[in-house]
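Take a look at the structure below.
Residue numbers (my numbering): 22 to 167.
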């Protein structure tokens, strides 16, 4: 996904500082999603090497995702508000993040891998949506202007 951001930058062929604030926010969100997906994909392997029992491992990594989703969501909403940029996909983002948090909380009882993997997939899906939005822009605006 980080490579996708490079593609966007190359296609736009503009200085990053000249990008509109909404696009810079989307690029930051894309980079954060890329880094988070990589880190969370590797976290279970790291904990397995520490010989954590499987149920504890899946509870710990699910708890880490709950903390991530809650903190990154709050951070991005505040960032958008401070920079006076409308938060992209606000309603969908809140619903999707709420679903992913609920799934991770459920995994405190289940203690299995699949809810966590869905959570990591959720980060990847977010990043891909940010990439598409950067690449294609707001199609509704372009159609309305034509």
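All C-beta atoms in this analysis are idealised placements derived from N, C-alpha and C, irrespective of residue type, glycine included.
- Counting along the chain, the unbroken alpha helix (DSSP H) around residue 43 starts and ends at 42-70.
- Boundaries of the alpha helix (DSSP H) around residue 119: 111-131.
- About 16 angstroms separates the CB atoms of residue 47 and residue 145; that is not less than 8 angstroms, and the two are not in contact.
- Excluding its 5 nearest sequence neighbours in each direction, residue 78 has C-beta neighbours in its own chain below 7 angstroms: 65, 68, 69, listed in chain order.
- Beyond the five residues adjoining it in sequence on each side, residue 106 comes within less than 7 angstroms, by CB distance, of 42, 43, 46 in the same chain, given in chain order.
- Short of 6 angstroms from the beta carbon of residue 50, and not among the five residues preceding or following it, lie these beta carbons of its own chain, in chain order: 151.
- Note on geometry: alpha-carbon atoms of residue 108 and residue 132 lie some 34 angstroms from one another.
- The Cβ neighbour count for residue 55, taken over all protein chains shown within 10 Å, is at least 16; the residue is labelled buried.
- C-alpha of residue 76 to C-alpha of residue 134: approximately 9 angstroms in a straight line.
- Of 116, 153, 139, the smallest CA-CA separation from residue 82 is found for 139.
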